[in-house]
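Encoded as structure tokens, the structure appears first; notes follow it.
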Amino acid sequence: MSKTQSLPRPLHSGTASKGIKGRIRVPGDKSISHRSLMLGALALGETEIHGLLEGEDVLRTAEAMRLLGGAAERGEDGVWRARGRGIGGLREAAEVLDLGNAGTGTRLLMGLVAAYPMVTFFTGDASLRSRPMARVSDPLKLMGAQVIARQGGRPPLAVIGTKDPLPITYKLPVASAQVKSAILLAGLNTPGVTTVIEPEPTRDHTELMLKGFGAKLVVEQTKEGRAVSLTGQPEITGRKIVVPGDPSSAAFPIAAALVVQGSELTIENVGLNPHRIGLIETLLEMGADIRIENERIEAGERVGDLRVKHGALRGVTVPPERAPSMIDEYPILSVIAAYAEGETRMLGLGELRVKESDRLGAMARGLKACGVDVSEGPDWLSVKGTGKPPAGGAEIAVNLDHRPAMSFLVLGLAARKPVTIDDGSPIDTSFPTFVDLMNGIGTGIRLQNR
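full-length UniProt numbering applies: residue 1 is where the sequence shown begins, and numbers increase by one.
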């Protein structure tokens, strides 16, 4: 039985009355971890992966790559090592690929296998089986693959790859790093040049990593948007990858330090990719005391340490064009907004409706239950804070979604009454050390006694 399918594990936030203090590191970036396992399985020679996130989502991708013939193993030193099969070297999986809760792993792997003459079956947990994959399927079909899925493109599904994949030029209807990456991964085993045009820049980990492995890739700004062009069937070679701390995971201790009085916290080795720092930009606009120290470049990625202090915050309007750079951080931003003075308006959030759950609706309901003045629309959320701690005291149903789960535990740390979530087990998908790390810097998160 997987962790996401285990018995519910209700968690109580407790309080952090003495402040959030210390120096910590959060687990490795989930997006980079998924991609490093996939490309390491295709690169000739050995790829060393330092700091791989060992959460359930990434481990599901590791198992899927093993079934496809490209396994990576964890050494006693904690370093993962893969010996690649070369472009075109994957084999048909003898079993269904069960990706659990890993939407990123599913979408990227759909692209990876689409350009191979084989059939690959995908499934996952209840949350994953409810999520639409049609926006990935549509461009893959243009490249020659077939995708058979449930209504709305939902898993379980089968990707019937093609032996004669076609390069395409595809403009994304909606900015999505996952769809862009799926097309580029399909383009690896496709002759000719595959081009993806995105209306708004999204996280570029795939492009940076492809270049690092030796693929020929060109990025240029056109009238239609940012165009990424990949020359197919390259010979890529193994390399050392250093996975920085995940900024989406760092968002939770950052938030805790901002809302709990007396807090001062340093988070080391956080990834600061320019396409991932929308939350930090927003928090600085809100008046947050956040400083970036020891900024540097490691394995092509911008990295730094974040020093965070508690202080007064004010509401702001977050423009829709910022959404691609912080789409996973809106749940925790809405919690921070509940502590700020005035209204925080978050626009362009339609993508939140089709995440692990309807995160926009989930956050609105949970915040209301905790006494916060909140309203929502199809693609926007408004939170009106008073500059004082909200009431809290609610029990929140998290619907198998790790980010609302962690967000409401953070809300309860400084609320007038602690908050309980009905199930903390989904947290293991992205941040398996969350409770221990947070309790080590001053929180009192614990299992809720029934």
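For every residue, glycine included, the Cβ atom is placed at its ideal position computed from N, Cα and C.
Asked: Taking the straight line between their C-alpha atoms, what separation do you get for Pro167 and Thr194?; Found: 5 Å
Asked: Assess, as a yes-or-no matter, whether the segment 270-283 is touched by the segment 212-222 under the definition of 3 or more beta carbon pairs within less than 8 Å.; Found: no
Asked: Quick one: residues in its chain with C-beta nearer than 7 Å to the C-beta of Lys211, no 5 flanking neighbours on either side, listed in chain order?; Found: Leu217
Asked: Nearest-angstrom Cα distance between Met346 and Arg85?; Found: 45 Å
Asked: Mind checking which residues open and close the beta strand (DSSP E) that includes Arg74?; Found: 72-74
Asked: Looking at Glu293: is its Cβ nearer than 8 Å to the Cβ of Arg307?; Found: yes
Asked: For Ile441, collect the residues of the same chain with a Cβ closer than 7 Å to its Cβ; drop the 5 residues on either side in sequence, then sort them by chain order.; Found: Ile20, Lys21, Gly22, Ile24, Pro253, Leu265
Asked: Could you check which residue in Pro155, Gly187, Ile297, Ala134 has the C-alpha nearest to that of Phe122?; Found: Pro155
Asked: Can you tell which of Glu341, Gly412, Ser430 has the C-alpha that lies nearest to the C-alpha of Gly387?; Found: Glu341
Asked: To the nearest angstrom, how far is the alpha carbon of Gly187 from that of Ala227?; Found: 14 Å
Asked: What whole-angstrom Cβ distance do Ile267 and Ala256 have, given they're in contact under 8 Å?; Found: Actually they do not touch by this definition, with Cβ atoms about 11 Å apart.
Asked: Near Ile297, which residues of its chain fall below 8 Å by C-beta distance, leaving aside the five closest residues on each side in sequence?; Found: Val303
Asked: Go ahead and pull the three-state DSSP assignment for Pro156.; Found: strand
Asked: Nearest-angstrom Cα distance between Gly45 and Lys417?; Found: 55 Å
Asked: Are the CB atoms of Gly100 and Leu128 within a distance shorter than 8 Å?; Found: yes
Asked: Taking all protein chains shown into account, do 16 or more other C-beta atoms lie within 10 angstroms of the C-beta of Ala126, making it buried, or fewer, making it exposed?; Found: exposed
Asked: Can you tell me whether Thr317 is buried or exposed, with buried defined as 16 or more other CB within 10 angstroms of its CB?; Found: exposed
Asked: For Leu334, which of helix, strand or coil comes out of DSSP?; Found: Reading the sequence as shown, one finds Ser at residue 334 and not Leu. In this structure, Ser334 counts as helix in the three-state DSSP scheme.
Asked: According to the Cβ coordinates, are Asp367 and Ile336 closer than 8 Å?; Found: The residue you asked about is not Asp; residue 367 is Leu in the sequence shown. Cβ distance not < 8 Å, so Leu367 and Ile336 don't count as in contact.
Asked: Cβ atoms of Thr231 and Gly214: under 8 Å apart, would you say?; Found: no
Asked: What first and last residue would you give for the alpha helix (DSSP H) that runs through Glu281?; Found: 278-285
Asked: Measuring only the C-alpha atoms, how far is Ala182 from Arg353?; Found: 21 Å
Asked: What does Gln146 pair with, by DSSP beta-bridge criteria?; Found: Ile160
Asked: Within a Cβ cutoff of 6 Å, which residues of the same chain sit near Lys163, ignoring the five residues on either side of it in sequence?; Found: Pro117
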